[in-house]
Amino acid sequence: MKKFKKYFGLISGIALSLSLAACGPKESADNNSGTTGSNNNEKVELIVWEDIEKSEGIKDAIAQFEKENNVKVKVIEKPYAQQIEDLRLDGPAGTGPDVLTMPSDQIGTAVTEGLIKELNVGEDVQSLYTEAAMQSQIINNKVYGLPKAVETTILYYNKDLISEEELPKTLEGWYEYSKKVTDGKKFGFLALFDQIYYAQSVMSGYGSYIFGKDENGNYNPKDIGLNNAGAIEGAKFIQKFYKEGLFPAGIIGEQGINVLESLFTEGKAAAIISGPWNIEPFTKAGINFGVTKLPALENGKNMSAFVGVKSYNVSAYSKHPELAEKLVVFLANEENSKKRYEITKEVPAVKALVDDPAVKNSDVARAVAEQSQFSELIPNIPEMNEVWKPADSALQTIATGKAGPKAALDQAVETIKGQIEAKHGGK
1481 MKKFKKYFGL ISGIALSLSL AACGPKESAD NNSGTTGSNN NEKVELIVWE
1531 DIEKSEGIKD AIAQFEKENN VKVKVIEKPY AQQIEDLRLD GPAGTGPDVL
1581 TMPSDQIGTA VTEGLIKELN VGEDVQSLYT EAAMQSQIIN NKVYGLPKAV
1631 ETTILYYNKD LISEEELPKT LEGWYEYSKK VTDGKKFGFL ALFDQIYYAQ
1681 SVMSGYGSYI FGKDENGNYN PKDIGLNNAG AIEGAKFIQK FYKEGLFPAG
1731 IIGEQGINVL ESLFTEGKAA AIISGPWNIE PFTKAGINFG VTKLPALENG
1781 KNMSAFVGVK SYNVSAYSKH PELAEKLVVF LANEENSKKR YEITKEVPAV
1831 KALVDDPAVK NSDVARAVAE QSQFSELIPN IPEMNEVWKP ADSALQTIAT
1881 GKAGPKAALD QAVETIKGQI EAKHGGK
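Just so we're aligned: 1644 in this note's numbering is position 164 of the sequence shown, and the numbers increase by one with no gaps anywhere.
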């Protein structure tokens, strides 16, 4: 999802290992020269799956790595959230990547299915990244990737419609503002609250949570807090935006994201919640926009957000896992992370870049960093896969008025628990 995300101290709290434990399904043919070891000394070719429209950010790093290691690296762009799906088929077929990129909430699934390799990196490498970003890549005390970027949702506002000084400080304030300016063609504040990725920003502020944690800090998939009193209270507040016509009907469902973005780029919405992925499209659209953290709630807590961490990972099917691991470390180091940020504007996960002028003076990086203070990692255990659809379905029934918050959320949690039991043995 397009999601589907401290101020600078916290981006140092999120901004941001590699031993090849066990060979993958195919044995490594690496040697120090970077060649295949065959008589004709053909160069090894590594395949990298990079995110859509992001390969330009690693172009120079790839060229340098090729030169230093006498290898050929082929970069293929694929939507990063779908790469794990392609790896399931392409990996065993021998047509998959050596290095791929994925969102942090997919790490647990990839590890469970044996799709990515454990990395062998010491504390010297791990300590380059913010604690939260690095933690997103660790399962059972083993490292399976290195962070390349972090993101949270933030508030975009159209400066031609509302000035920075006029911005409501609370979500209740935006509700009141929307009642004044919404006329069916133009809107005040919009958000995709029919999706848990966005709705949890409100619900968690009242006490909702995805999974509880045990005494060791590990997620407990049997403890689901999406239908507790806080979740219901938050959902009731969300429902008001739909019930009173402050959100258009078209913003609900699969096409909602396109409607929301179109209304903003057409100057028909004063403010929306979205992520850093829209900086470039909105800039190209010529919108005079600003960005800031999400507003506070009436109970004094700031709206939360999910911290998404993008990572570089080594495929378990790589024929050259040691070299692939070396490439991951290289791409995610401080120098190349900075270059990548300057080109892609995706906020880096490297601690040392927190005070770098290129990052520090960016409104986007500042907004992401500040919002990250109030945000949490998306759970990276496989059971998280069973949450998205039932939760989104419940929120859509709430948005359309087909069910009340309690009934809808109770049904969602019942479905989630059933799917976890069926697919994961209730563990």
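Even for Gly, the Cβ is constructed at its ideal location relative to N, Cα and C. Only a predicted model underlies this, so the values are computations on that prediction, with no experimental measurement involved.
- E1631 versus S1873, Y1609, V1848, residue with shortest Cα-Cα distance: V1848
- Sheet register partners of F1721 (DSSP bridge): Bridge partners of F1721: none, in fact.
- Query: Are A1729 and G1668 close, meaning C-beta to C-beta below 8 Å?
  - Reply: no
- Item | Delimiting residues of the alpha helix (DSSP H) encompassing Y1657 | 1651-1661
- Task: From the DSSP output, in three-state form, read off M1582 for me.
- Result: strand
- Task: Could you tell me whether the stretch 1647-1666 touches the stretch 1803-1813, using the rule of 3 or more Cβ pairs below 8 Å?
- Result: no
- Could you tell me whether the stretch 1558-1573 touches the stretch 1522-1532, using the rule of 3 or more Cβ pairs below 8 Å? yes
- Task: Starting from D1540, follow the beta strand (DSSP E) in both directions and report where the run begins and ends.
- Result: Here D1540 belongs to no beta strand (DSSP E); instead the alpha helix (DSSP H) covers 1539-1549.
- Message: For I1676 and K1547, I'd like the C-alpha separation in whole angstroms.
- Response: 45 Å
- Item | Extent of the continuous beta strand (DSSP E) to which F1669 belongs | 1667-1670
- Of all the options L1599, D1540, K1523, which has the alpha carbon lying nearest to the alpha carbon of S1795? L1599
- Whose CA, out of M1582, A1541, G1884, G1574, lies closest to the CA of K1558? M1582
- Query: With 16 as the cutoff for other CB atoms within 10 Å, does E1866 come out buried or exposed?
  - Reply: buried
- Query: What did DSSP end up calling I1731 once you bin it into helix, strand or coil?
  - Reply: helix
- Task: Please name the residue, chosen from S1643, I1556, L1595, that lies closest to A1573 on a Cα-to-Cα basis.
- Result: L1595
- Query: Considering only residues of the same chain and omitting the five flanking positions on each side of T1745, which have a CB-CB separation below 7 Å?
  - Reply: F1762, A1765, I1767
- Task: Compare the C-beta of T1745 with all C-beta atoms of chain D and state if any pair is closer than 8 Å.
- Result: Going by chain labels, chain D is absent from the structure shown, which holds only one protein chain.
- Query: For I1731, which option in E1695, Y1678, I1704, A1776 has the closest C-alpha, if you only look at C-alpha atoms?
  - Reply: Y1678
- Item | the stretch 1866-1880 touching the stretch 1831-1850, judged by at least three CB pairs closer than 8 Å | no
- Are the beta-carbon atoms of L1777 and G1685 separated by less than 8 Å? yes
- Task: Just mark Q1544 as buried or exposed, buried being the case when its beta carbon has 16 or more other beta carbons within 10 Å.
- Result: exposed
- Message: Would G1909 and K1649 be called neighbours here (beta carbons separated by less than 8 Å)?
- Response: Outside the displayed range of the chain (1481 to 1907) lies residue 1909, so it cannot be described from this structure.
- Query: E1631 lies in the alpha helix (DSSP H); which residues open and close that run?
  - Reply: First-last for E1631: 1626-1631, but that is the beta strand (DSSP E), not the alpha helix (DSSP H).
- From what residue to what residue does the beta strand (DSSP E) around P1929 run? Residue coverage of the chain in this structure runs from 1481 to 1907, which leaves residue 1929 outside it and unanswerable.
- Item | Nearest to E1760 (by Cα), restricted to the options D1694, N1793, E1741 | E1741
- Other residues of its chain near V1591: CB distance less than 7 Å, five sequence neighbours each side excluded: I1619, Y1624
- Message: With a threshold of 6 Å on Cβ separation, who are the neighbours of P1859 within its own chain once the five nearest residues in sequence on each side are excluded?
- Response: I1690, F1691, Y1699
- Query: Hey, would you say Q1617 sits closer than 8 Å to S1791, going by beta carbons?
  - Reply: yes
- Would you tell me roughly how many angstroms separate the C-alpha atoms of K1716 and D1694, rounded to the nearest one? 29 Å
- Query: What's the call for N1512, buried or exposed, on a 16-neighbour Cβ count within 10 Å?
  - Reply: Low confidence applies here, because N1512 scores a pLDDT of 43, under 50, leaving its location unreliable; read the following figure in that light. That one is exposed.
- Same chain only: Cβ atoms within 6 Å of A1749, ignoring 5 sequence neighbours per side: F1667, L1670, L1743
- Assign P1837 to one of two classes, buried (16 or more other C-beta atoms within 10 Å of its C-beta) or exposed (fewer than that). exposed
- Query: Is T1772 helix, strand or coil when you go by DSSP?
  - Reply: strand
- Task: Report the rounded CA-to-CA distance for F1886 versus R1568, giving the unit in angstroms.
- Result: The question names Phe, yet the displayed sequence has Lys at residue 1886. About 38 Å.
- Status (buried if at least 16 other CB within 10 Å, exposed otherwise) for K1628: buried
- Can you say whether A1888 is buried or exposed, counting buried as having 16 or more other CB atoms within 10 angstroms of its CB? buried
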